[in-house]
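Undergrad: I have a structure here, written as structure tokens, and I will follow up with some questions on it.
Numbering (my numbering), first residue to last: 119 to 500.
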């Protein structure tokens with residue numbers, strides 16, 4: 119009997135050891151203490167926005183031709199009215215010279231015929247005086263008056279010829295403007311398509327031909343960003359915005375909504391969006407920005423300071439959170455009433471108290487109500 123008792127005790131000890139070794143171990147979870155802080159209701163862009171120039175123009179000549187003069191290179195600063203590019207136009211210049219000569223010739227013709235008209239009018243007046251005294255016949259007087267009228271008409275015709283020649287000369291000058299590009303504002307040459315001696319092709323409407331010169335005014339910049347159409351009714355001009363740039367990591371730049379597009383953009387295979395334009399509050403403090411930088415905007419709809427808040431990622435479907443009970447080492451499910459929220463924090467109006475610890479590592483297997491857990495101090499330290 120004693121031997122049997124010893125065997126039973128050994129078996130029991132082994133069984134208890136196996137049970138203890140194979141018992142379910144508490145799941146390590148990341149806990150976050152409920153505390154007071156600032157919570158804001160915000161909206162974020164659906165895709166990356168872009169830093170744009172307030173003025174940007176893509177210039178092309180009205181007609182095509184060989185580039186004869188290229189006075190700038192990419193990156194050059196230019197002034198308003200500066201000649202940037204000109205095509206070969208010797209034929210137009212020759213035509214302009216001919217038109218200018220015709221203007222001079224027409225002016226000389228005016229001098230000639232108008233002097234003759236004045237003399238004919240004087241002669242007609244003299245013949246009229248002689249006719250009154252009976253020295254000449256009425257037919258002689260009539261002939262002199264007719265000659266004066268004809269010569270005055272010739273003078274008027276010559277003056278019209280001058281006006282016509284001047285108009286033709288102006289037309290040739292306008293024609294020369296079709297082959298030249300001038301800077302419409304102060305700016306920087308971003309891109310040039312074409313080299314000296316190459317043929318430049320204009321960009322007619324509807325034809326995706328690259329422009330000859332891309333000119334930007336980088337002294338005034340703004341951000342253009344797409345917002346989800348669902349959020350569009352909440353966005354208004356003047357709202358405060360936080361701007362972040364990939365080129366300036368960790369830096370938040372304040373701004374304000376300048377414009378909300380009055381229509382929805384439908385991009386293939388993507389959600390419908392509404393474009394907004396955002397101005398920088400202090401452009402001089404942002405430093406040197408480049409047109410084309412990717413940018414994200416976060417529109418602040420409302421905000422509250424020193425309110426009870428929890429990480430938004432800790433909230434499960436239906437407004438439920440898992441609270442850690444230190445006494446039992448288990449998780450308790452708690453229903454909360456949420457207030458303002460964004461992607462980072464959510465305001466808690468009811469259901470939690472300051473000091474409660476909630477689970478944020480919901481992705482771990484076995485994390486559910488009544489589960490035995492243990493705080494993951496390593497994750498907390500990180």
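We put the beta carbon where it would ideally sit given N, CA and C, even for glycine. Since we're looking at a predicted model, the values are computed, not measured.
Which residue or residues does DSSP assign as beta-bridge partners of residue 366?
TA: Here residue 366 corresponds to residue number 248 of the chain shown, with the count starting at 1. Looking at the DSSP assignment, residue 366 forms a beta bridge with 363.
Undergrad: Short of 6 Å in beta carbon distance, which residues of its chain neighbour residue 224, apart from the five on each side in sequence? Order them along the chain.
TA: Counting from 1 along the chain shown, the entry for residue 224 is found at position 106. So the list reads 279, 280, 283, once near-sequence residues are dropped.
Undergrad: Take the Cβ of residue 268 as the centre, count every other Cβ of all protein chains shown within 10 Å, and call the residue buried at 16 or more, exposed below.
TA: Here residue 268 refers to the residue found at position 150 of the chain shown. By the neighbour-count rule (16 or more Cβ atoms within 10 Å), residue 268 is not buried but exposed.
Undergrad: Determine whether the beta carbon atoms of residue 335 and residue 172 lie at a separation below 8 Å.
TA: Residue 335 sits at position 217 when you count from the first residue of the chain shown. Residue 172 sits at position 54 when you count from the first residue of the chain shown. Taking 8 Å as the Cβ cut-off, residue 335 and residue 172 qualify as a contacting pair.
Undergrad: Between the stretch 447 to 455 and the stretch 463 to 474, do three or more beta carbon pairs fall short of 8 Å?
TA: Yes: at least three Cβ pairs fall under 8 Å.
Undergrad: Span of the alpha helix (DSSP H) holding residue 418?
TA: By one-based count along the chain shown, residue 418 stands at place 300. No alpha helix (DSSP H) holds residue 418; the beta strand (DSSP E) holding it covers 412 to 429.
Undergrad: Do residue 297 and residue 183 have their C-beta atoms within less than 8 Å of each other?
TA: Reading the chain shown from its first residue, position 179 is the one you call residue 297. Reading the chain shown from its first residue, position 65 is the one you call residue 183. A contact, by the Cβ cut-off of 8 Å.
Undergrad: Exposed or buried, what is residue 305 when buried is set at 16 or more other beta-carbons lying within 10 Å of its beta-carbon?
TA: Residue numbering aside, residue 305 sits at position 187 when the chain shown is read from its first letter. Classification of residue 305: buried, given that the 10 Å Cβ count is 16 or more.
Undergrad: Count the other CB atoms within 10 Å of the CB of residue 491; is the residue buried (16 or more) or exposed (fewer)?
TA: What you label residue 491 is simply residue 373 of the chain shown in a count that begins at 1. Flag for residue 491 reads buried.
Undergrad: Can you check DSSP and say which residues form a bridge with residue 261?
TA: Sequence index remark: in the chain shown, residue 261 carries index 143 (1-based). According to DSSP, which records beta bridges pairwise, residue 261 is partnered with nothing at all.
Undergrad: Starting from residue 457, trace the alpha helix (DSSP H) in both directions and tell me its first and last residue.
TA: On the chain shown, position 339 is the one that residue 457 refers to. Where residue 457 is concerned, there is no enclosing alpha helix (DSSP H), although the beta strand (DSSP E) it sits in stretches over 455 to 459.
Undergrad: Of the choices 379, 344, 194, 350, whose alpha-carbon is the least far from that of residue 165?
TA: Counted from its first residue, the chain shown places residue 165 at position 47. The residue with the shortest Cα to Cα distance from residue 165 is 344.
Undergrad: Per DSSP, residue 344 is paired with what?
TA: Taking the first residue of the chain shown as 1, we reach residue 344 at position 226. Per DSSP, 393.
Undergrad: Are there three or more Cβ pairs, one per stretch, closer than 8 Å when the stretch 225 to 245 is compared with the stretch 262 to 277?
TA: Verdict: yes, contact present.
Undergrad: On the CB-based measure, 16 or more other CB atoms within 10 Å of its CB, does residue 363 come out buried or exposed?
TA: For the purposes of this step, residue 363 is taken as residue 245 along the chain shown, with counting starting at 1. That one is buried.
Undergrad: Of the residues 265, 277, 194, which one's Cα is nearest the Cα of residue 221?
TA: To locate residue 221, count along the chain shown from 1; it is residue 103. Minimum Cα distance to residue 221 is reached at 277.
Undergrad: With DSSP as the reference, please indicate the residues paired to residue 302 in a beta bridge.
TA: On the chain shown, position 184 is the one that residue 302 refers to. Looking at the DSSP assignment, residue 302 forms no beta bridge with any residue, so it has no partner.
Undergrad: Taking the alpha-carbon positions, what's the residue 288 to residue 201 distance?
TA: Residue numbering aside, residue 288 sits at position 170 when the chain shown is read from its first letter. Residue numbering aside, residue 201 sits at position 83 when the chain shown is read from its first letter. Cα to Cα, residue 288 sits roughly 20 Å from residue 201.
Undergrad: Please name the residue or residues paired with residue 381 in a DSSP beta bridge.
TA: Residue mapping note: residue 381 aligns to position 263 of the chain shown, counting from 1. None; residue 381 has no bridge partner.
Undergrad: Relative to the C-alpha of residue 432, which candidate in 291, 474, 163, 419 has its C-alpha closest?
TA: As a first step, residue 432 must be located in the chain shown, where it is residue number 314. For the residues 291, 474, 163, 419, the minimum Cα distance to residue 432 belongs to 474.
Undergrad: State whether the stretch 182 to 196 contacts the stretch 472 to 489, with contact taken as three or more CB pairs (one from each stretch) at a distance under 8 Å.
TA: At 8 Å Cβ cutoff, the stretches do not touch.
Undergrad: Please classify residue 258: is it buried, with 16 or more other beta-carbons within 10 angstroms of its beta-carbon, or exposed?
TA: The count along the chain shown starts at 1 and reaches residue 258 at position 140. Exposed, because fewer than 16 other Cβ atoms sit within 10 Å of the Cβ of residue 258.
Undergrad: Among 337, 122, 145, 256, whose alpha-carbon lies nearest the alpha-carbon of residue 494?
TA: In the chain shown, the residue the question calls residue 494 occupies position 376. Per the Cα distances, 145.
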